[in-house]
Every structure is written in structure tokens, then in C-alpha cells.
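For reference, each letter of the sequence shown is one residue, going 18 to 204 in this note's numbering.
Virtual Cβ for every residue (Gly too), placed ideally from N, Cα, C.
Each remark here refers to the structure printed beneath this line.
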Amino acid sequence: LVVFGFQTPASLYGRRLQTHSNALLVLSELSCRSKLASLSDKLNLLEKKVEFLEARMSSASGKVVRSGAAAVRLVAPVQSVNKDQARRSVLQAYKDLQRMTPKFWWDFGMQDMPLGVFRSVLKQQFLKNAHITDIRIIDRLVGETKQHMYAIQYAFYNPDHVRNYLFRENVEPKPKDFLSKFLNGQD
């Protein structure tokens, strides 16, 4: 109430109350907005974690399938989807190795044997794993072969390493019968 230009205490109190309530509403609105924003950020982070874990479960560790009382884990292959694709990757690794064989043979000083013999030794390294049918193991072996080819290409190996790996030179054969094992102190 305004009387002769003067405000009564009741009207002053009402304005202050209205000002304070407006300020309180603005502060609570800002507080709620900041809380909602932080909750939204946390929700986005959790969604990303869930997506990551789902992708990891579907690609790397596979799914658990229940049939009866037993649980069987189906594991997704590393690289190849089927045996045909795994076979193609093995053949591609074999072709790449055979293409780099002349340089490999020359750089590592393997001239004591003809190039054809050296190629057949490399072929034997592939054929010794011909019985493997598990796609994951095939993919792992192809990956190891590619790593060996990379190490050969950039000369990370010494000629002695190559000879020991391919021909088992300087490697004593392990005893197979009981008496030889006993004399070597293995049993």
C-alpha cells in the first residue's frame, strides 16, 4: 500500500519476499539445470561403457549359450569368418613369403643350399600345420607368420636365429626313451 508516496512496511515486506523468492527460484533452476547436465553426462558415459562392453563381448569373448544343463561358450574368430577365408589368408601369407624368399635367402647367407631347397624348407613349415582345422588357431598362426616376415624384412633376426628356427641347428634333440631321459636327469 502506498499512502502519500510512502510505502507501508507490509508492501515493502511483500516486495522483498517476491524478490527473494524470485532469486531462490532462479538459483534452484540453475542448480537443477547443472544437476541435470551432470546426470546427462554420467548417462552418456554409462551408455558408452555399455556399448564398449557389448562390442567387446560380441567380438572377442563370444556368447554363452545354454542347452540343457551345460553352458557352451561360442567364441568369435579373430579374423576369418569361415574356413575358406582362413584358407585364403594362409595361401596369401605363403605367397608373400615365397615372393620374399630370394631376398631372404641372400640377405641371411643361406647360399650353402640351393634356393629350391630353401623354398621347400619354408613349404615344410607351412605343411607341418596342415592338420589344424580351428579357425582361431589358423588366424593366430597366420598372424605369427606375418610377424616373422616383418622381422625378416627389417632384419630383426640374425642368420643363426633363422637357421635354428628352420633347421633346428645347434638345438639338441630331446631324449625320447626312458634311459636317455634318466641319463640326462629329466626323470
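1. Would you check if there are 3 or more beta carbon pairs closer than 8 angstroms linking the segment 114-134 to the segment 57-75?
2. So, at 6 angstroms on beta carbons, what are the nonlocal neighbours of L196 in its own chain, with the 5 sequence-adjacent residues on each side left out?
3. If you run the structure through DSSP and keep just helix, strand and coil, what is A205?
4. Rounded to a whole number of angstroms, what is the C-alpha to C-alpha distance between L139 and R180?
5. Answer yes or no: do D58 and V95 have a C-beta to C-beta separation smaller than 8 angstroms?
6. Quick one: which unbroken beta strand (DSSP E) runs of 3-plus residues sit fully inside the segment 129-190? Chain order, please.
7. What separation, rounded to the nearest whole angstrom, lies between the Cα atoms of P176 and W122?
8. Can you give the Cα-Cα distance for V221 and F199, rounded to whole angstroms?
9. Near A40, which residues of its chain fall below 6 angstroms by C-beta distance, leaving aside the five closest residues on each side in sequence?
10. Please list the terminal residues of the continuous alpha helix (DSSP H) segment that includes D113.
11. Would you say I152 and S97 are within 8 angstroms of each other, going by their C-beta atoms?
12. Determine whether the beta carbon atoms of E172 and D113 lie at a separation below 8 angstroms.
Taking the geometry as given:
1. A contact is defined here as three or more CB-CB pairs under 8 angstroms, and the segment 114-134 fails this definition with respect to the segment 57-75.
2. none
3. Beyond the ends of the chain as shown, which are 18 and 204, falls residue 205; an answer cannot be given.
4. 12 angstroms
5. The answer is no: Cβ separation not under 8 angstroms.
6. none
7. 10 angstroms
8. Lying outside 18 to 204, the shown extent of the chain, residue 221 is not represented and no answer is given.
9. Excluding sequence neighbours, A40 sits near nothing in its chain.
10. 100-124
11. yes
12. At residue 172 the sequence reads Ala, which differs from the Glu that was named. Contact: no.
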